[in-house]
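Trainee: My questions will all concern the structure given below.
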Amino acid sequence: MARTIPPWVFLLFLLIVACRPIDRARYAIDFASGAPGWSLPAEARFVAWVEDGHLILSLKPPRMVGWALSPFAFRDGQVEVEGTLLEGPSSADYGLILQAREGRFYRFAVSADGYYGIFFYDRGSWRTLVDWTTHPAIRTGRTTNHLRVRCAGTEMIFWVNGIEVARVQRSSSEGGGRVGVSIGTMARGNARVAFDRFTAVRDR
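Read in order, the letters of the sequence shown are residues 18 to 221 in the working numbering.
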């Protein structure tokens, strides 16, 4: 059965974190000592916390996206993370946020039923760059997937578990922005995802 993009009616997000951006060229965190610099929401619909060395995102409503940003930003560089669906329908998705700035960002996500998608959010509107597509590199069910994105010049390259799955073009005039993680739901909600080994490197 084909996967369709839902009309995401709500967005729960953290675009501003209450700390200075990290200036060093490399940022790595395994959440063993919390998530310093990350703003972790705690509300009825969307909550995030650190538990047993993982950053947990929990999203209750259907057709919704929630995300949290790290204190690290770049224009050209690379970001990667490990994500695992802990609870919820197989249609739930999770992934990376890139170049979050002034109400705009890229989102790369995979779902537990074997799909990936790439989207651009611009001040209230979603644009599909790569529609939800199946790929054998994605591990289905409640297993861990390693996601990586490389941004260089006008090109963005996307990997799942070490396998390149897509390339998209971006504007040469785009500035840098923060990177982070996200969770999404389709027709059914109540999803919970664990993230670990978040690493980002800014090109010198």
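All C-beta atoms, glycine included, are put in the ideal place defined by N, C-alpha and C.
Are the CB atoms of Val166 and Leu113 within a distance shorter than 7 Å?
Mentor: yes
Trainee: So is Ile180 buried or exposed if we call it buried at 16+ other beta carbons inside 10 Å?
Mentor: A residue is called buried once 16 or more other Cβ atoms fall within 10 Å of its Cβ, and Ile180, having fewer, is exposed.
Trainee: For His71, name the three-state secondary structure that DSSP assigns.
Mentor: Looking at His71 - three-state DSSP - the assignment turns out to be strand.
Trainee: What do you get for Arg219, buried or exposed, if any count of 16 or more other CB atoms within 10 angstroms of its CB means buried?
Mentor: buried
Trainee: Under the three-state reduction of DSSP, which class applies to Glu104: helix, strand or coil?
Mentor: strand
Trainee: Between the Cα of Asp148 and those of Val182, Ala169, Arg121, Arg156, spot the shortest distance and give me the residue it belongs to.
Mentor: For the residues Val182, Ala169, Arg121, Arg156, the minimum Cα distance to Asp148 belongs to Val182.
Trainee: State buried or exposed for Ala204, treating a residue as buried only when at least 16 other CB atoms are found within 10 Å of its CB.
Mentor: exposed
Trainee: Helix, strand or coil: how does DSSP classify Cys36 here?
Mentor: Any answer about Cys36 is weak, because its pLDDT of 47 lies below 50 and its placement is not dependable; what the coordinates show is given next. It is coil, neither helix nor strand.
Trainee: Using 8 Å as the cut-off, can you tell me whether the segment 132–142 makes contact with the segment 206–220, which would need three or more C-beta pairs spanning the two stretches below that distance?
Mentor: no
Trainee: Tell me Ile174's beta-bridge partners as DSSP assigns them.
Mentor: Arg167, Arg184
Trainee: With DSSP as the reference, label Arg221 as helix, strand or coil.
Mentor: It is coil, neither helix nor strand.
Trainee: Take Arg156 and list the residues in its own chain whose beta-carbon comes closer than 8 Å to its own, dropping the five residues that flank it on each side.
Mentor: Asn162, Asn178
Trainee: Looking only at C-alpha atoms, which of Gly100, Phe91, Ala61 sits nearest to Arg118?
Mentor: Of the candidates Gly100, Phe91, Ala61, the one whose C-alpha sits nearest the C-alpha of Arg118 is Phe91.
Trainee: Would Cys168 and Asp47 qualify as a contact pair, given that the criterion is a beta-carbon distance under 7 Å?
Mentor: no
Trainee: Under a CB-based cut-off of 7 Å, is Arg209 close to chain C?
Mentor: Any reference to chain C falls outside this structure, which holds one protein chain only.
Trainee: If you draw a straight line from the alpha carbon of Val96 to that of Phe122, how long is it in whole angstroms?
Mentor: 14 Å
Trainee: When burial is assigned at 16 or more other CB atoms within 10 Å of the CB, is Asp139 buried or exposed?
Mentor: exposed
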